[in-house]
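Residue 928, in our numbering, is where the sequence shown stops; the numbers in between run on with no holes.
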Amino acid sequence: MLTVRARRGDGSLDLDLTLAEGIALLADPSALIWIDIDEESIEEIDAVSAALSLNELTVEDLKHRGQRGKLETFDGYTVLVMHGVGYDSAAPSLDEHELDAIIGPNWVLTGRDPHLAALLPGRDLDLRLASMLAKDAGYLLYAITDRVVDSLFPVLDKMLDDVDDVEDRVILGGGQELLERIFAMKRNGVTLRKLISPHLEIFGRFTTPAYGIVSSEHMIYFRDVHDHIIRVFEIVDSYRELMTGALEVHLSTVNNQLSDVMKRLTVLTAMFLPLTFITGAFGMNMVESPVWTDPAFWIIGGCMAAVAAGQWFYFRAKRWA
């Protein structure tokens with residue numbers, strides 16, 4: 608789907624333009640145009656690219672997802688690639704949602720994953736369009752990136768809630784299913800860190816006057832986005848440390864359970880050793896085995912029971928059983 612929104616030079620908003628109408632507005636330097644394309648609109652990318660005179664490398668990036676976060680400057684525009692994420696707590700799995708944002712003198716083109724929640728059409732976005740389009744292209748880019756970065760925090764909250772749940776289950780003990788969930792959550796932490804890491808450098812460049820990507824009046828806004836990225840990065844690192852700790856506790860719990868089982872088996876083995884000796888000694892060194900009516904049978908049986916009981920109480924006193 609392709610959506611064209613614009614603020615005209617007189618301040619009026621048009622939120623449902625055709626591509627041709629949006630391109631026509633480019634001639635007005637006081638207007639601001641936002642063209643939004645999701646990846647299901649591949650056939651429309653060529654028309655937009657031709658109208659905006661985009662480099663073939665930029666067009667290739669728009670058509671194919673899977674780019675690493677980056678910031679590139681071309682003749683007449685700048686390309687930003689960043690990522691949002693979606694999270695399914697049940698799996699648990701992390702979905703990568705790429706955003707390619709291209710900023711020109713009085714226009715912004717966004718090519719995005721259709722599931723990128725921060726830019727999905729809806730009431731929340733509609734309420735903010737007036738303020739997003741109120742200034743220039745630099746401010747619009749800030750507003751877009753700020754929404755994408757802020758959308759990471761609810762995802763992180765869900766992931767941390769899952770960590771709390773796993774920690775509770777680890778203390779109570781868990782089996783193979785819990786171990787698989789821990790490894791899946793650790794992979795999510797690695798994936799998220801990999802996606803977020805480039806953003807630190809990218810938004811650091813936005814706040815550096817030497818690069819001249821945005822005007823000085825907008826740098827303070829991008830500094831706020833950069834601060835949010837740092838917070839996200841710190842939370843992701845904390846998440847990874849918590850998952851590593853949960854895995855260590857789980858493995859320690861499993862080892863303790865195994866040690867407890869081995870201890871009980873050792874106690875049982877130790878209890879049967881003297882009984883085996885008694886039965887072996889009397890069985891091999893008596894001409895006739897005592898029968899039920901023979902007092903020797905009951906004496907030997909009583910000795911065996913006494914030895915077993917004595918061992919049991921001794922092991923209990925030592926807290927070995």
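We put the beta carbon where it would ideally sit given N, CA and C, even for glycine. Note that the coordinates shown come from a computational prediction; the quantities given were computed from them, not determined experimentally.
Per DSSP, the unbroken beta strand (DSSP E) holding D643 starts and ends at 639-645. Residue burial annotation: W919 is exposed, with fewer than 16 other C-beta atoms found within 10 angstroms of its C-beta.
The DSSP-derived three-state label of D844 is helix.
Here DSSP, grouped into helix, strand and coil, assigns D731 to helix. Residue range 609-614 is occupied by the beta strand (DSSP E) that includes R614. Counting along the chain, K793 sits inside no beta strand (DSSP E); it lies in the alpha helix (DSSP H) bounded by residues 783-813. Within the same chain, V686 come within 6 Å of T665 by CB-CB distance, once the 5 residues on both sides are set aside.
A contact is defined here as three or more CB-CB pairs under 8 Å, and the segment 630-643 meets this definition with respect to the segment 714-731. In this chain, A708 is not harboured by any alpha helix (DSSP H); it is covered by the beta strand (DSSP E) spanning 700-710. Within the DSSP secondary-structure output, F829 pairs in no beta bridge.
The three-state secondary structure of T680, taken from DSSP, is strand. Cβ-Cβ distances below 6 Å link P881 to V914 in the same chain, with the five nearest sequence neighbours on each side left out; the list follows chain order. Here H671 is exposed: its Cβ has fewer than 16 other Cβ atoms, across all protein chains shown, within 10 Å. Contact between I652 and L669 holds: CB atoms are separated by about 5 Å, below the 8 Å threshold. Around the beta carbon of D834, fewer than 16 other beta carbons sit within 10 angstroms, so the residue counts as exposed.
For R776, the enclosing alpha helix (DSSP H) stretches over residues 759-779. The residues A638, in chain order, have a CB closer than 6 Å to that of R615 in the same chain once the five nearest residues on each side in sequence are set aside.
Relative to the Cα of A744, the nearest Cα in the group H825, A654, N862 belongs to H825. Inclusion of M850 and I789 in the CB contact set at 8 Å is warranted, their separation being smaller than that value. Between A853 and E787 the beta-carbon gap is near 13 Å, outside 8 Å, which marks them as no contact. Per DSSP, G718 is not a residue of any alpha helix (DSSP H); the beta strand (DSSP E) it occupies stretches across 714-719. If you draw a 10 Å sphere on the C-beta of I803, you find 16 or more other C-beta atoms in it, and that means buried. For D635, there is no enclosing alpha helix (DSSP H), since its DSSP letter is neither H nor E. Going by beta carbons, A613 and G629 fall inside the 8 Å limit. DSSP, read as helix, strand or coil, puts L620 in strand. Spanning the alpha carbons of K677 and D702 requires a straight line of approximately 19 Å. By the neighbour-count criterion, in which 16 or more other beta carbons inside 10 Å mark a residue as buried, V868 falls on the exposed side. Scanning its chain for C-beta atoms nearer than 6 Å, with the 5 sequence neighbours on each side dropped, one finds around D635 the residues G616, in chain order.
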